[in-house]
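Below you'll find the structure, written out as structure tokens, and then a few comments.
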Amino acid sequence: MIAAGLAGCGGGGEVYVSGGPPPVDPLNLALTRVGPQSIQVDWSDHPGVASFDVLRDGYPLATVNATTLIDSSVYVNQTYCYQVEGYDPRGYLVAATDTGCITVVP
């Protein structure tokens, strides 16, 4: 537990913060079309991450222990949005990418 005084807030007080999950750090996301029906999803590694969940259009696509994934289940004239979340060994979310989108053109 951490206690902190609140100076300049119109009166004394303390803030207590429990030992919950750590804040989420950013990861870099890159999307590249690598075949007629394949998109490569790359992201940066992060210290302390044990596994990554790759989401496509908000739904789980895969859980991996690497920093790249080839999605071979895409179709032409469709837009796909990806996000990657990194989890520590205890299952806490510690890092995540912004959502990135790519359109598969003919």
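The working numbering puts the first residue of the sequence shown at 36, with every later residue one more than the last. Using N, Cα and C, we set each Cβ at its ideal position, and we do this for glycine too. Given the structure is predicted, the values throughout are model-derived calculations rather than measurements.
Problem set entry | Inter-residue CB distance, Q113 and V139 (contact presumed, cutoff 8 Å) | Within the sequence shown, numbered from 1, the residue matching residue 113 stands at position 78. Within the sequence shown, numbered from 1, the residue matching residue 139 stands at position 104. Contact flag correct, Cβ pair sits at about 6 Å.
Problem set entry | Length of the line joining the Cα atoms of V99 and V89 | Taking the sequence shown and counting its residues from 1, one reaches residue 99 at position 64. Taking the sequence shown and counting its residues from 1, one reaches residue 89 at position 54. A direct Cα-Cα distance of roughly 8 Å separates V99 from V89.
For this session: Report all residues from its chain with a CB closer than 6 Å to the CB of D133; omit the five preceding and five following residues, and keep chain order.
Result: Here residue 133 refers to the residue found at position 98 of the sequence shown. Same-chain partners within the cutoff: there are none.
For this session: Determine the burial state of L41: buried for a count of at least 16 other Cβ atoms within 10 Å of its Cβ, exposed for fewer.
Result: The residue given as residue 41 occupies position 6 in the sequence shown. Residue placement at L41 is poorly supported in this model, since its pLDDT is 45, which falls under 50; the coordinates still yield a value, given next. By the 10 Å Cβ count, L41 comes out exposed.
Problem set entry | Reference A65, options T102, R125 and S108, closest by Cα | Residue 65 sits at position 30 when you count from the first residue of the sequence shown. When only C-alpha atoms are compared, the closest one is T102.
For this session: Quick one: residues in its chain with C-beta nearer than 6 Å to the C-beta of G135, no 5 flanking neighbours on either side, listed in chain order?
Result: Within the sequence shown, numbered from 1, the residue matching residue 135 stands at position 100. Cβ within range, chain order: L64, L66 and Y117.
For this session: Kindly list the residues whose CB is nearer than 8 Å to the CB of R91, restricted to its own chain and excluding five residues on each side of it in sequence; keep chain order.
Result: In the sequence shown, the residue the question calls residue 91 occupies position 56. Correct list, in chain order: D106, Y115, C116 and Y117.
For this session: Just mark A131 as buried or exposed, buried being the case when its beta carbon has 16 or more other beta carbons within 10 Å.
Result: Position 96 of the sequence shown, counting from 1, holds the residue named residue 131. Under this definition A131 is a buried residue.
Exercise. With respect to the beta strand (DSSP E) encompassing Q72, which residues constitute its N-terminal and C-terminal limits?
Worked result: Walking along the sequence shown from the start, residue 72 turns up at place 37. Element bounds for Q72: n/a, residue is neither H nor E.
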